[in-house]
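Heads up, the thing below is written out as structure tokens.
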Amino acid sequence: MPPSKFAGILNKIFGTGAGDAVAKDYQALYDFPEQQLKYHINTKVALEKLPITPLTTKDWVIMHRKFIHKI
């Protein structure tokens with residue numbers, strides 16, 4: 028999905044401008060791949076301490092679809 032299309036979706040969910048900032052960052056990753064950070068963060072310790080279960084984006088959307096069904 029092009030960053031501009033993703034921005035439109037986020038703007039509808041979170042308000043005008045919210046998606047534009049995210050899309051700008053994603054576009055920069057595509058335009059300047061040599062500037063991408065090259066590191067790996069091990070989240071195992073943090074996830075063991077937090078009382079949450081991580082969700083995929085797809086699962087999050089399914090859980091909240093009644094709020095974002097007009098997108």
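Residue numbering for the sequence shown follows this note's numbering, beginning at 28 and increasing consecutively. Note that the Cβ used here is the ideal one computed from N, Cα and C, for glycine as well.
Can you tell me the Cα-Cα spacing of residue i and residue j, whole angstroms?
i	j	result
H91	Y66	31 Å
Q63	T84	22 Å
F33	A73	29 Å
L37	Q54	15 Å
P81	P60	28 Å
L77	K71	10 Å
Residue i and residue j look like a contact to me (Cβ under 8 Å); what is the Cβ gap, rounded to whole Å?
i	j	result
G46	G35	6 Å
P30	A48	Not quite, the Cβ-Cβ distance comes to about 11 Å (not below 8 Å), so this is no contact.
I79	V88	No, I79 and V88 are not in contact; Cβ-Cβ is about 17 Å, not under 8 Å.
Alpha helix (DSSP H) containing residue i: first to last residue?
i	result
E75	K71 to K76
Q54	A45 to D58
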